[in-house]
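Visitor:
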Amino acid sequence: MKVKIAIGALVFALLFAGAAFAQKAPLYPQGIGCYLMASGVDLHKQSEEFIRGDYNCDGALLTNDPLMELQYIFGVPGSTPPSCEDAADYDDDGSVLTNDPLMALQFIFGVPGSSAPPPPYPDCGPDPTGDDLDCVWHEFCMGPKK
Ligand SMILES: [Ca+2]
Ligand SMILES: [Ca+2]
Ligand SMILES: [Ca+2]
Numbered sequence: 570m571k572v573k574i575a576i577g578a579l580v581f582a583l584l585f586a587g588a589a590f591a592q593k594a595p596l597y598p599q600g601i602g603c604y605l606m607a608s609g610v611d612l613h614k615q616s617e618e619f620i621r622g623d624y625n626c627d628g629a630l631l632t633n634d635p636l637m638e639l640q641y642i643f644g645v646p647g648s649t650p651p652s653c654e655d656a657a658d659y660d661d662d663g664s665v666l667t668n669d670p671l672m673a674l675q676f677i678f679g680v681p682g683s684s685a686p687p688p689p690y691p692d693c694g695p696d697p698t699g700d701d702l703d704c705v706w707h708e709f710c711m712g713p714k715k
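Residue numbers for the sequence shown follow my numbering, so the first one is 570 and each next one is one higher.
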């Protein structure tokens, strides 16, 4: 119970810190290429490869990934939708919900009982389970857009 309360407090502290940061600086400029939807380009010519949990498509699952995902889910101004929904689907259940970033945070902070995301984590790869989620682009795995 104490662990759950601590995680909840941490999540909200991160959310508010992130929101404050977003108003002062461009939101995560290092990952901006991940969010820009290309127009007029057939992105599906390349296979949809991604790293599960890597929301900002920089090749690593770090604290800012679930933080950005929470900001998006809660509609924080300046937050961005995932360019690869499969990467945001931490538990691979075919939907992107609050439990996905929460599970990621628990894993990152080593909470007992937490577990690493299912494949293709920690490598780039295709989604082993079919779903309705769309992976438009994952920059680290699929390379920069041409
Ligand atoms: Ca990342
Ligand atoms: Ca999910
Ligand atoms: Ca899937």
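Ideal Cβ placement from N, Cα and C applies to all residues, glycine included.
Using only CA atoms, which one of Gly647, Cys693, Val665 and Asp660 lies nearest to Gln675?
Guide: Gln675 has its Cα closest to that of Asp660, out of Gly647, Cys693, Val665 and Asp660.
Visitor: Below 8 Å, can you find three or more Cβ-Cβ pairs linking the segment 618-634 to the segment 651-659?
Guide: Yes: at least three Cβ pairs fall under 8 Å.
Visitor: Would you mind stating whether Asp655 and Cys710 have Cβ atoms separated by less than 7 Å?
Guide: No.
Visitor: Mapping DSSP to helix, strand and coil, what is Phe643?
Guide: Of the three classes helix, strand and coil, the one that applies to Phe643 here is coil, per DSSP.
Visitor: Let me know if Phe678 comes out buried or exposed under the rule of 16 or more other beta-carbons within 10 Å of its beta-carbon.
Guide: So Phe678 ends up on the exposed side.
Visitor: Ligand 1 and Asp660: does the residue's C-beta get closer than 6 Å to at least one heavy atom of that ligand?
Guide: Because no heavy atom of ligand 1 lies under 6 Å away, the Cβ of Asp660 does not count as near it: no.
Visitor: Does any CB atom of chain B fall closer than 7 Å to the CB of Cys693?
Guide: Reference to chain B is not applicable here, since this structure consists of a single protein chain.
Visitor: DSSP on Phe709, reduced to helix/strand/coil?
Guide: In the structure shown, Phe709 sits in a helix (DSSP, three-state: H, G or I).
Visitor: Using a threshold of 6 Å, is the CB atom of Leu631 nearer than that to any non-hydrogen atom of ligand 1?
Guide: Answer for Leu631: yes, Cβ within range of ligand 1.
Visitor: Considering only heavy atoms of ligand 3, does any lie closer than 6 Å to the CB of Thr698?
Guide: Answer for Thr698: yes, Cβ within range of ligand 3.
Visitor: Val665 and Ala673 - do their beta-carbons sit closer together than 7 Å?
Guide: Contact: no.
Visitor: Which whole-angstrom value is the C-beta distance of Ile620 and Leu630, which I expect to be below 8 Å?
Guide: Contact flag correct, Cβ pair sits at about 7 Å.
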